[in-house]
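Trainee:
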Amino acid sequence: MIETQLLVNTDVDLKTNKEVLDHLSDFLTGEGFVKESYHAAIHERESIFPTGIDLGFGAVAIPHCDASHANKPCVYLIKPSQGIPFERADDDGELIAELIIALVVTDPAEQMQLLRALFTSLQDEAFFNELKNAPSIEAMTATFSSKILNKDKEVA
1 MIETQLLVNT
11 DVDLKTNKEV
21 LDHLSDFLTG
31 EGFVKESYHA
41 AIHERESIFP
51 TGIDLGFGAV
61 AIPHCDASHA
71 NKPCVYLIKP
81 SQGIPFERAD
91 DDGELIAELI
101 IALVVTDPAE
111 QMQLLRALFT
121 SLQDEAFFNE
131 LKNAPSIEAM
141 TATFSSKILN
151 KDKEVA
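According to the UniProt record's numbering, the residues represented by the sequence shown are 1 to 156, in order.
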């Protein structure tokens, strides 16, 4: 079981990946999950190593940066009101991310465990669609928690 707090937000009105990264920084800093240094670090990381992942049947972005910018671990899952353009991680080009899964980790080994769980689960089109089409924050939380975090109960 991966020990991290899950935060979920739906219908967030963001239009660009810069707006997403600014939102992540503002929200996560305000909630105490990250240090002030996170803002510059997440923007720099995204510009050097983009995080847009084309799944073939949809797309996600998984913004993250070095653990030194974290205070406490969390996953911040966002279903924006519209798809957000992100640079592709695998080549030059852009995709439209339908889900944003921001990772904040304090332990690099946990980051690898979380990324492995994410990539394995996101290859399942049914799981991706269940997240994308979830009717509520509670449904998204339950789906993500049980599949990725291996938790059967809702996480606040």
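By construction, the Cβ of each residue, glycine as well, lies at the ideal position given by its N, Cα and C atoms.
Might you give, ordered along the chain, the residues of its own chain that have their beta carbon closer than 6 Å to the beta carbon of Asp54, omitting 5 neighbours on each side?
Mentor: Hits under 6 Å: Leu95.
Trainee: Can you tell which of Ala59, Asn71 and Val104 has the C-alpha that lies nearest to the C-alpha of Ala82?
Mentor: Sequence check: residue 82 is Gln here, not Ala. Ranking Ala59, Asn71 and Val104 by Cα distance to Gln82 puts Ala59 first.
Trainee: Going by DSSP in three states, Val105 sits in which element: helix, strand or coil?
Mentor: Here Val105 sits in coil by DSSP.
Trainee: Whose CA, out of Leu28, Gln123 and Asn9, lies closest to the CA of Pro73?
Mentor: The shortest Cα separation from Pro73 among Leu28, Gln123 and Asn9 belongs to Leu28.
Trainee: At a cut of 8 Å, does the region 124-133 reach the region 85-93 through at least three beta carbon pairs?
Mentor: At 8 Å Cβ cutoff, the stretches do not touch.
Trainee: For the alpha helix (DSSP H) containing Glu3, name the first residue and the last one.
Mentor: Taken as a continuous stretch (DSSP letters only), Glu3 belongs to no alpha helix (DSSP H), as it is neither H nor E.
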